[in-house]
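In the working numbering, the protein residues as written are 5 to 257.
As structure tokens, this is what we get:
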């Protein structure tokens, strides 16, 4: 009896020790598994944020290209105005130049700009946190602020042109030379053109700032234009309207 009792008392601590070790091992395994899972989730979120950021930068490049078209169009319009003024006598303006200038005033179409990346940026700030680059996030926000400013400024300027065209009475005739005589002799149009240099400078300044910001964005993310070119969606027109498009007046191509 004595020998049996001593054997049991020695085995009991061993049983509890094995159980404790098993529990600790299970807890460690669970913690490691949880840590690996969380790290994988973090990696996935960082990868997602990175991919979204690349698409966003390519979208900003697309905006810059579109705004370059608008700015170049406006500069050509101003150059033709100065060329026409140089003739003095409007009857001496060549037919081709006359028709092209009136087309600059009247011949505008509409193209769409994809706003999906901007909407993603605006509505998923918890995702952008995983980039761990506050200056980059702020700079992208500034890019879209300049984009919105350009669109608003341009649409307002275009409305001025439309109003001048309508109020001058040039819309009442289909003859290009009569249109030219009317618009060039219309004082509000002359006043508008005197301000056109400042308007052109505003366009260029906004596009240049947008381009500089996105250049810094690419440097921060260490991505090249070639990398982003593969992500840029082709320009589409009003006939390709979708729910993520914003309409901006643009020139006939």
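C-beta: ideal position from N, C-alpha, C; glycine also.
Could you compute how far the alpha carbon of residue i sits from the alpha carbon of residue j?
| i | j | result |
| --- | --- | --- |
| residue 193 | residue 67 | 29 Å |
| residue 107 | residue 183 | 11 Å |
| residue 213 | residue 150 | 8 Å |
| residue 124 | residue 141 | 13 Å |
| residue 216 | residue 78 | 21 Å |
| residue 98 | residue 90 | 12 Å |
| residue 126 | residue 158 | 23 Å |
| residue 188 | residue 71 | 27 Å |
| residue 250 | residue 178 | Caution is warranted here: a pLDDT of 45 is assigned to residue 250, below 50, making its placement in the model unreliable, and the coordinate value is therefore given only provisionally. If you take the alpha carbons of residue 250 and residue 178, they lie about 32 Å apart. |
| residue 139 | residue 224 | 9 Å |
| residue 231 | residue 51 | 16 Å |
| residue 209 | residue 198 | 19 Å |
| residue 87 | residue 176 | 25 Å |
| residue 92 | residue 69 | 36 Å |
When the distance is taken between beta carbons, is residue j closer than 8 Å to residue i?
| i | j | result |
| --- | --- | --- |
| residue 196 | residue 166 | no |
| residue 221 | residue 155 | no |
| residue 152 | residue 203 | no |
| residue 61 | residue 227 | yes |
| residue 57 | residue 180 | no |
| residue 82 | residue 205 | no |
Going by Cα to Cα distance, which pick from the options is closest to residue i?
| i | options | result |
| --- | --- | --- |
| residue 95 | 223, 185 and 65 | 185 |
| residue 134 | 225, 54 and 233 | 54 |
| residue 233 | 168, 64 and 51 | 64 |
| residue 84 | 76, 132 and 105 | 105 |
| residue 229 | 18, 51 and 59 | 59 |
| residue 80 | 101, 50, 139 and 138 | 101 |
Within its chain, find whatever has a CB closer than 7 Å to the CB of residue i; leave out the 5 residues flanking it on each side and keep chain order.
| i | result |
| --- | --- |
| residue 110 | 169 |
| residue 147 | 64, 214, 217 and 218 |
| residue 174 | 183, 186 and 187 |
| residue 8 | Bear in mind that the predicted position of residue 8 carries a pLDDT of just 48, short of 50, making it too unreliable to give a figure here. |
| residue 137 | 224 |
Between which two residues does the alpha helix (DSSP H) harbouring residue i extend?
| i | result |
| --- | --- |
| residue 209 | 200-225 |
| residue 229 | 229-233 |
| residue 178 | First-last for residue 178: undefined, no H or E at that position. |
For residue i, which residues in the same chain have their Cβ closer than 6 Å to its Cβ, ignoring the five residues on either side in sequence?
| i | result |
| --- | --- |
| residue 239 | Only weak support exists for where residue 239 lies, its pLDDT of 45 falling under 50; the value from the coordinates is given anyway. Counting only Cβ-Cβ distances below 6 Å, and skipping sequence neighbours, we find nothing. |
| residue 172 | 186, 187 and 190 |
| residue 131 | 53 |
Note down, in chain order, each residue of its chain lying with its Cβ closer than 8 Å to the Cβ of residue i, except the 5 sequence neighbours on either side.
| i | result |
| --- | --- |
| residue 122 | 60, 63, 148 and 151 |
| residue 207 | 71, 74, 75, 78, 154, 157 and 158 |
| residue 18 | none |
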